[in-house]
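Q: One structure follows; several queries about it will come next.
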DNA sequence: TCCTTTTATATGTTATATACATATAGATGA
DNA sequence: TCATCTATATGTATATAACATATAAAAGGA
């Protein structure tokens, strides 16, 4: 993954049109499947089509800490199997409920974008 | 529409998950269909499922001015049929091209969100 | 042993975007 | 004349994302 000091990759400039706070429901979904820690979650965001090089690692850690403060997840330190200790996160009941409401929001968003795209394509056709 | 001083409607608190700068492609799409002015565009955003009470009118005018500065649209003052003068906007070639690239971006976003939603629903099923 | 890389977490600062509030003014009609 | 509708615009605060950097344990090679 190379986020270390020696890595000089530049994250590509990511274009507009991001979904605000989208990594939040993604993290909650991953945690609804199994407990995990920041670094692993960062890698697994890739499964959602989020280029990990596009993703600011700092943001992931900040979201996790915030979600814990809000009671959506809980964490505890855990010795690393190989490597340094990790903060292991587990989703709570509130977290699951919040994920459900996020899903409704996202479905509404998709429907709005699709309405716009349909109108665009109708004009072209 | 009641945006006047005497209107005490409060815009409902709109939840997270907005698509960043989404009104920009919506405005460009509307302008690709016909020239229009800010106030009319504001009302027509409703057709995209955007609650006009959720939409800050000031944002619409700011986006129009910015897009003009960027050469995506051009404007000229026009006497109002009834009511005050309007700034009438027309889309440019650059604006049409930009709309096309926005559409690609939005299609990519939809596919990412759908991937996430599919995974969520698979877990529930 | 020293140095580099990988794994892992965290925060400071700046830039951008949105939300909220308000100012201005011409036209219309009671 | 006074309220309302139409119409455009900007000031400011807050939220979000982007960019940069700090820290440190463990693993492995020279």
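Protein chains in written order, with the numbering used here: chain A, 1 to 125; chain B, 126 to 250. For glycine and all other residues, C-beta sits at the position ideal for the given N, C-alpha and C.
With respect to the alpha helix (DSSP H) encompassing residue 178/B, which residues constitute its N-terminal and C-terminal limits?
A: Counting along the chain, residue 178/B falls outside any alpha helix (DSSP H), and DSSP gives it neither H nor E.
Q: Using 7 Å as the limit for Cβ to Cβ distance, is residue 92/A near chain B?
A: Not an interface residue.
Q: According to a CB-to-CB cut-off of less than 9 Å, which residues of the region 171-201 of chain B neighbour chain A?
A: Cβ contacts with chain A come from 172, 173, 174 and 175.
Q: Taking one C-beta from the region 218-230 of chain B and one from the region 140-153 of chain B each time, how about it: are there three or more such pairs within less than 8 Å?
A: Yes: at least three Cβ pairs fall under 8 Å.
Q: How would you label residue 24/A, buried or exposed, when you count the other beta carbons within 10 angstroms and need 16 or more for buried?
A: Buried, by the Cβ-count rule.
Q: To which residues of the same chain is residue 189/B closer than 8 Å at the C-beta, ignoring the five residues directly before and after it?
A: Excluding residues within five positions, the ones whose Cβ falls inside 8 Å are 152, 163, 166, 198, 200, 212 and 214.
Q: If we cut at 7 Å on Cβ distances, does residue 109/A have a partner in chain B?
A: It does; some Cβ of chain B falls within 7 Å.
Q: Measure from the C-beta of residue 230/B to each C-beta in chain A and report whether the shortest distance is under 7 Å.
A: With 7 Å as the cut-off, residue 230/B counts as an interface residue toward chain A.
Q: Curious, which full-length beta strand (DSSP E) runs of at least 3 residues does the region 50-98 of chain A contain?
A: Within the region 50-98 of chain A, the complete beta strand (DSSP E) runs of at least 3 residues are 73-78 and 86-91.
Q: In chain B, what lies closer than 7 Å to residue 117/A by C-beta?
A: 228, 231 and 232, listed in chain order.
Q: Just confirm the distance between the C-beta atoms of residue 232/B and residue 106/A, as a whole number of angstroms; I'd bet it's less than 8 Å.
A: That pair is no contact at about 16 Å.
Q: Relative to the alpha-carbon of residue 249/B, which residue among 58/A, 100/A and 35/A has its alpha-carbon at the smallest distance?
A: Here the closest residue by C-alpha is 100/A.
Q: Please work out which residues of its chain come closer than 8 Å, Cβ to Cβ, to residue 171/B, disregarding the five sequence neighbours upstream and downstream, and give them in chain order.
A: Hits under 8 Å: 177.
Q: What whole-angstrom Cβ distance do residue 20/A and residue 142/B have, given they're in contact under 8 Å?
A: That belief holds up - the Cβ atoms of residue 20/A and residue 142/B are roughly 6 Å apart, short of 8 Å.
Q: Just the chain A side, please: which residues come within less than 8 Å of residue 169/B by C-beta, in chain order?
A: In chain order: nothing, as chain A lies at least about 11 Å away.
Q: Along the alpha helix (DSSP H) that carries residue 163/B, what are the first and last residues, could you check?
A: Its alpha helix (DSSP H) spans residues 163-169.
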